[in-house]
Amino acid sequence: MRKKTIVLLIIVISGIAGYNYIYKDHRNIEKEKAAFTLKSTELSNEFLVSSSDSEKKYLNKTIEISGKVTEVDNNTLVIDNNIFCQFLNPISNSIKTDAVITIKGRFIGYDDLLEEIKLDQCSLSKN
Amino acid sequence: MKKFIYLIALLSFSVYSQGKYLTKTGTVSFEASVPSFEEVKAKNDAVTAILNTDNGDFAALILVKGFRFKNALMEEHFNENYAESDEYPKATFKGNLNGFNVSSIDGNSTFKVSGSLTFHGKSKEISDINCNVVKTDKGLELTGNFSVTPSDFDIEIPKIVSKKIAEDIEVSFKFDVIKK
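Next comes the structure, spelled out in structure tokens:
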């Protein structure tokens, strides 16, 4: 009897663990600690020097960037003309061009066509 | 001084002759679902696309890490084992909308697209894709779909999961390009 309960318990636990593995949650970039925190100009300069090396360095990493907004749309904004940030949620109306903000997002790659640094899953950092 | 005027004339001429339409938030999604198994589907809505309306030249750039799946583990496997996005972070398309003429578009026009699609470091020539072009308030909307196979891009699907992933992968795209 005791053996049976132990076996059953193991099956249930491994079942739950397996389920949690297969259906695990997505990364939560908003709650993650940023791997790099820097100014928009510093980041842009690194990509000017070598876009491929910088791309490798930052790819899939959570970064926090502060700089001046140069373009705002529904759920995307551009910092310093060349850092494109896509937000998960619509951007609040209070953010206008020329505002200086800090955002956190995941770097997904360098766009050679438009020479832009692209981030997704962005959120505003609370200062 | 004369040279300078020529230069200005040349520059302004090239600016006017270039009809460039672009988007930074184009959508590309693919689906390789098999009925009765979990859906294999991902969407990327930060795709850059540029259309030159003078000659129909078209280019798109997709950052592979930007493909989002419902299932986080599937997304991880896609990036690590199939697309190998650390090594090949970009997918590109370079081609042409055959016989494109912006003035001929009224309501809804269809053009054949041909060009080369690069993914996973491998290029494939594709042709005869139908692309619908609709005039919108701000620019043009391009939509269409086509299918590819993983082997086109040297991607091997392990036997153990091959039943759950369709052999033909349906790719669909939507680009709302705006004049720049």
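If you're matching them up, the sequences are chains A and B in order.
Every position in the first sequence, counted from 1, becomes a number in our numbering once 499 is added.
Every position in the second sequence, counted from 1, becomes a number in our numbering once 406 is added.
Where a beta carbon is used, it is the ideal one built from N, C-alpha and C, also for glycine.
Judged by their CB atoms, E531 (chain A) and T561 (chain A) are nearer to each other than the 7 Å cut-off. The beta carbon of L507 (chain A) does not come within 7 Å of any beta carbon belonging to chain B, so the residue lies off that interface. With three or more CB-CB distances shorter than 8 Å, the segment 611–623 of chain A counts as touching the segment 578–592 of chain A. The alpha-carbon of E554 (chain A) is positioned some 16 Å away from that of N485 (chain B). Collapsing the DSSP output to three states places A534 (chain A) in coil.
Each of B:K447, B:V577, B:V470 was checked against the Cα of N559 (chain A), and the nearest Cα belongs to B:V470. Here DSSP, grouped into helix, strand and coil, assigns S553 (chain B) to strand. In the DSSP annotation of this structure, N536 (chain B) is not part of any alpha helix (DSSP H); the continuous beta strand (DSSP E) holding it starts and ends at 528–541. T459 (chain B) counts as buried, since at least 16 other C-beta atoms from the protein chains shown sit within 10 angstroms of its C-beta. In this structure, the CA atom of L612 (chain A) is about 46 Å from the CA atom of I515 (chain A). When the five nearest sequence neighbours on each side are left out, the beta carbons in the same chain lying within less than 8 Å of the beta carbon of P495 (chain B) are those of L469, V470, K471, in order along the chain.
Under the three-state reduction of DSSP, S515 (chain B) is assigned to strand.
One alpha carbon belongs to D572 (chain A), the other to L507 (chain A), and they sit about 55 Å apart.
Residues of chain A with a Cβ closer than 8 Å to the Cβ of T429 (chain B) do not exist, since the nearest Cβ in that chain sits about 10 Å away.
Contact annotation: I456 (chain B) and A465 (chain B) have beta-carbon atoms nearer than 7 Å. When rounded, the separation of the alpha-carbon atoms in A438 (chain B) and F559 (chain B) is 15 Å. Bridge partners of K449 (chain B) according to DSSP: B:S435, B:R474. Scanning chain A for C-beta atoms nearer than 8 Å to the C-beta of L479 (chain B) yields Y520, I521, Y522, K523, reported in chain order.
Take T516 (chain B), set aside five residues on each side of it, and the residues of its chain with a beta-carbon closer than 8 Å to its own are N536, C537, N538, V539, in chain order. Secondary structure of G517 (chain A) (DSSP, three-state): helix. Cβ contact annotation for N574 (chain A) (same chain, cutoff 8 Å, sequence separation greater than five): Q585, F586, L587, N588, P589, I590, in chain order. Rounded to whole angstroms, the gap between the alpha carbons of S550 (chain A) and Y609 (chain A) is 7 Å.
Residue state for I505 (chain A) is assigned as helix, using DSSP reduced to three classes. For G566 (chain A), no Cβ of chain B is located within less than 7 Å of the residue's own Cβ.
A Cβ-Cβ contact shorter than 7 Å links F581 (chain B) with G432 (chain B). Close CB contacts of K530 (chain B) within its chain, under the 6 Å cut and outside five residues either way in sequence, are with L523, D558 (chain order).
At a C-beta separation below 7 Å, D619 (chain A) has these neighbours in chain B: A452, G472.
The C-alpha of I594 (chain A) is placed about 22 Å away from the C-alpha of L542 (chain A). When Cβ-Cβ separations below 7 Å define contact, N581 (chain A) makes no contact with chain B.
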